[in-house]
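K.L.:
Okay, here's the structure, questions in a sec.
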Amino acid sequence: LSFPTGLALRLQRSSIIAWTVGLFVLGSSYGSILGDLEGFIESSDLIKQMIPDTGDGLNMTERFVSLLMTILSIMGSVPVLLFVLKLRSEEKKNRTEHILTRAVSRNSLLGGYTVIALIAAPVIQLASLSGLWSSAVMVMEDPVSFQTLLTAGMVALPAMWCMVALAVLLIGVAPNRTGLTWLYLGYTFFVVYMGDMLKLPDWTNKLTPFGYIPQIPTEEINVFTLIILTMIAILLMVMGFMAYNKRRERYITMAHKLGVSGSTIFSDSKLFSELFWEGIEHIEIGEFSDEDAVNTFLKIYKEKQVGFGIHSPVIRGESKYDLIEKVRYDPSYAWEQLESEAKRMSLEGAKYILVHFPFFKAEVSGNTDEMIEEGLKKICRIQKKYSIPIICEPKLGFQRSVAGLNYFD
Numbered sequence: 043l044s045f046p047t048g049l050a051l052r053l054q055r056s057s058i059i060a061w062t063v064g065l066f067v068l069g070s071s072y073g074s075i076l077g078d079l080e081g082f083i084e085s086s087d088l089i090k091q092m093i094p095d096t097g098d099g100l101n102m103t104e105r106f107v108s109l110l111m112t113i114l115s116i117m118g119s120v121p122v123l124l125f126v127l128k129l130r131s132e133e134k135k136n137r138t139e140h141i142l143t144r145a146v147s148r149n150s151l152l153g154g155y156t157v158i159a160l161i162a163a164p165v166i167q168l169a170s171l172s173g174l175w176s177s178a179v180m181v182m183e184d185p186v187s188f189q190t191l192l193t194a195g196m197v198a199l200p201a202m203w204c205m206v207a208l209a210v211l212l213i214g215v216a217p218n219r220t221g222l223t224w225l226y227l228g229y230t231f232f233v234v235y236m237g238d239m240l241k242l243p244d245w246t247n248k249l250t251p252f253g254y255i256p257q258i259p260t261e262e263i264n265v266f267t268l269i270i271l272t273m274i275a276i277l278l279m280v281m282g283f284m285a286y287n288k289r290r291e292r293y294i295t296m297a298h299k300l301g302v303s304g305s306t307i308f309s310d311s312k313l314f315s316e317l318f319w320e321g322i323e324h325i326e327i328g329e330f331s332d333e334d335a336v337n338t339f340l341k342i343y344k345e346k347q348v349g350f351g352i353h354s355p356v357i358r359g360e361s362k363y364d365l366i367e368k369v370r371y372d373p374s375y376a377w378e379q380l381e382s383e384a385k386r387m388s389l390e391g392a393k394y395i396l397v398h399f400p401f402f403k404a405e406v407s408g409n410t411d412e413m414i415e416e417g418l419k420k421i422c423r424i425q426k427k428y429s430i431p432i433i434c435e436p437k438l439g440f441q442r443s444v445a446g447l448n449y450f451d
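Take the numbering used here: the last position of the sequence shown gets the number 451, and nothing is skipped along the way.
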């Protein structure tokens, strides 16, 4: 755990094992149907269209296996992408800031997740093709050789690495758009799996790196093409690393950051864009006039990628001072509201929520230490549950009462 790669591996160890076993089982399930494959294909016009006769003298089983290995490679890209995009998930939960405030470079952090994804690709491929071969040898009189399947699986690695590279690029350039990798992978699966049946133009297949991967054993290996794909993957990853280093992470620390407060003074949501002037790296905002105003701000935030914190309450007029004693709302309602805000804003990418705690209207009887301690325990529970820091700001009571502050003594 001393290095980012070790931490990333520890976080995803169970997922890596589960996906490796899962792809082995998936390969085995496909291999089990190879014994009577030709009869199965002949009984289905749909399958025939998906595996057209190319006139190359190869039998139906060989043509099916070539398509099957491409499909397994695309499916294997799912866990590989999950492994590298885990970094973005950690960012959204504000967990990377604690790492980056230490002697850890941004290159090593991103590199840790990238290395795991790159190495996982051949491991996943080996698992799926091993499962396919182990079942095939039990049901076929003349099974496809393991060497053929191994070659078919390994030639797909440059395409899988290109998918990883795309994810790295988006993490660096457009972290809020990393979901586009899944859209692209879905498109890839569609054109490869359904292309022949729907008679799609050849260029649709060439828009994906898997369109350049030879389908072994029906096609010859073009080493030059594989080298070009690998170089493209390297280029995209370099661009992603450069962009990630230039992002000036707004999620690391608030020290030495230029920020602006946009609370109730910005009642008009049409003015929200004025908060995002050049050089601003963080915005603290709250007490929106309504839900439309909240959504307007969040839309601009996602476009500008400026860090923000929420000054509770999110909606003006909601509970503001009621966590210990009733000012306007019952404390039970105030706690429900705070938890709801924490849950929502954690998902929206807020870096923290600021609450007025403790707040006492005036002098009170009873054990105030216990009141404050109980409140802090609830706040800690909410922080842990939704992975969002909650900042406590003590406030003066009615008529400038300092009771709440004095109770800290």
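C-beta: ideal position from N, C-alpha, C; glycine also.
Taking DSSP as the reference, what is the three-state secondary structure of P436?
P.N.:
The answer is coil: DSSP assigns P436 none of H, G, I, E or B.
K.L.:
Which residue's Cα is closest to the Cα of L49: L151, T103 and W61?
P.N.:
Comparing Cα-Cα distances from L49 to each of L151, T103 and W61, the minimum goes to L151.
K.L.:
Assuming L278 contacts L208 (C-beta within less than 8 Å), just tell me the rounded distance between them.
P.N.:
Going by Cβ atoms, the distance from L278 to L208 rounds to 6 Å, so yes, they are a contact pair.
K.L.:
Under 8 Å: do the region 408-425 and the region 350-360 share three or more Cβ pairs, one atom per stretch?
P.N.:
Judged by Cβ distances under 8 Å, the region 408-425 makes no contact with the region 350-360, as fewer than three pairs qualify.
K.L.:
Using CA atoms only, rank isn't needed, just tell me which of L191, S176, V146 and L123 is closest to T220.
P.N.:
Nearest of L191, S176, V146 and L123 to T220, Cα basis: L123.
K.L.:
Taking a contact to mean a Cβ-Cβ separation below 8 Å, would you say A26 touches I395 in this structure?
P.N.:
Any answer about residue 26 is impossible in this case: the structure gives the chain only from 43 up to 451.
K.L.:
Rounding to the nearest angstrom, what Cα-Cα distance links S311 and G328 in this structure?
P.N.:
Each residue's Cα considered, the two are about 12 Å apart.
K.L.:
What is the C-beta distance between Y363 and V356, in whole angstroms, given that I count them as a contact (C-beta under 8 Å)?
P.N.:
In fact, because the Cβ distance is near 15 Å, the residues do not count as touching under 8 Å.
K.L.:
Any contact of the region 57-77 with the region 172-182, i.e. 3+ C-beta pairs under 8 Å?
P.N.:
Verdict: yes, contact present.
K.L.:
Distance check for S147 and S429, CA to CA, integer angstroms please.
P.N.:
Rounded to whole angstroms, S429 to S147 spans 23 Å at the Cα level.
K.L.:
Please classify V397 as buried or exposed, where buried requires at least 16 neighbouring CB atoms within 10 angstroms.
P.N.:
With 16 or more Cβ atoms within 10 Å of its Cβ, V397 is classed as buried.
K.L.:
Use the C-beta contact count for L43: other C-beta atoms within 10 angstroms, 16 or more gives buried, fewer gives exposed.
P.N.:
Here L43 scores only 49 on pLDDT, less than 50, and its place in the model should not be relied on; the value that follows carries that caveat. Answer is exposed; the Cβ neighbour count stays below 16.
K.L.:
To which residues of the same chain is V197 closer than 7 Å at the C-beta, ignoring the five residues directly before and after it?
P.N.:
So the qualifying residues of the chain are I255, P256, I258, I263 and L268.
K.L.:
If you draw a straight line from the alpha carbon of V186 to that of K393, how long is it in whole angstroms?
P.N.:
Straight-line Cα distance between these residues: approximately 54 Å.
K.L.:
What are the complete beta strand (DSSP E) segments, minimum 3 residues, inside the region 302-368?
P.N.:
Runs found: 324-330 and 349-357.
K.L.:
Count the other C-beta atoms from every protein chain shown that fall within 10 angstroms of the C-beta of I432, then say buried if there are 16 or more, exposed otherwise.
P.N.:
I432 is buried by the Cβ-count criterion.
K.L.:
Helix, strand or coil for I517, going by three-state DSSP, please let me know.
P.N.:
No answer is possible for residue 517: the residues shown for the chain start at 43 and end at 451.
K.L.:
How would you write the range of the beta strand (DSSP E) that L396 sits in, first residue to last?
P.N.:
I395 to V397 is the extent of the beta strand (DSSP E) around L396.
K.L.:
Consult DSSP for G48 and reduce its assignment to one of helix, strand or coil.
P.N.:
G48 falls in the helix class under three-state DSSP.
K.L.:
Shortest alpha-carbon distance to R137 belongs to which of S388, S108, K403 and F399?
P.N.:
Looking at the Cα atoms, S388 is the closest of the given residues.
K.L.:
Give a yes or no on whether the C-beta atoms belonging to S170 and F66 are separated by under 8 Å.
P.N.:
Cβ distance < 8 Å, so S170 and F66 count as in contact.
K.L.:
I'd like to know whether the C-beta atoms of S115 and F252 end up nearer to each other than 8 Å.
P.N.:
Yes. Within cutoff.
K.L.:
Alpha carbon to alpha carbon, how far is L340 from S374?
P.N.:
Cα to Cα, L340 sits roughly 28 Å from S374.
K.L.:
Out of L438, G391 and A376, point me to the one whose CA is closest to F401's CA.
P.N.:
The residue with the shortest Cα to Cα distance from F401 is L438.
K.L.:
Can you tell me the Cα-Cα spacing of L380 and L110, whole angstroms?
P.N.:
Between L380 and L110, the C-alpha separation is close to 51 Å.
K.L.:
Is it right to say G69 is buried, meaning 16 or more other beta carbons lie within 10 angstroms of its own, or is it exposed?
P.N.:
Buried: at least 16 other Cβ atoms inside 10 Å.
K.L.:
State the DSSP-derived secondary structure class of P216, mapped to helix, strand or coil.
P.N.:
Checking the sequence, you will find Ala at residue 216 rather than Pro. Residue state, collapsed to three classes: coil.
K.L.:
May I ask which residues mark the beginning and end of the alpha helix (DSSP H) holding L76?
P.N.:
Looking at the DSSP string, L76 is not in any alpha helix (DSSP H), and its letter there is neither H nor E.
K.L.:
Can you tell which of F125, Q54, I113 and E405 has its C-alpha closest to the C-alpha of Y235?
P.N.:
The shortest Cα separation from Y235 among F125, Q54, I113 and E405 belongs to I113.
K.L.:
One question on the structure: do I342 and G282 come within less than 8 Å of each other, judged by their Cβ atoms?
P.N.:
Taking 8 Å as the Cβ cut-off, I342 and G282 do not qualify as a contacting pair.
K.L.:
Given a cut-off of 8 Å on the beta-carbon distance, is the pair T260 and E104 in contact?
P.N.:
Yes.
K.L.:
Nearest by alpha-carbon distance to I270: which of W203, D411 and F330 is it?
P.N.:
Looking at the Cα atoms, W203 is the closest of the given residues.
K.L.:
Give every residue of the same chain whose Cβ lies closer than 7 Å to the Cβ of R55, excluding the five residues on either side of it in the sequence, and list them in chain order.
P.N.:
Here the set comprises nothing.
K.L.:
Residue range of the alpha helix (DSSP H) that T267 falls in?
P.N.:
Taken as a continuous stretch (DSSP letters only), the alpha helix (DSSP H) holding T267 covers V265 to K288.
K.L.:
If you compare alpha carbons, which of N287, L227, T230 and G195 is closest to A163?
P.N.:
The shortest Cα separation from A163 among N287, L227, T230 and G195 belongs to G195.
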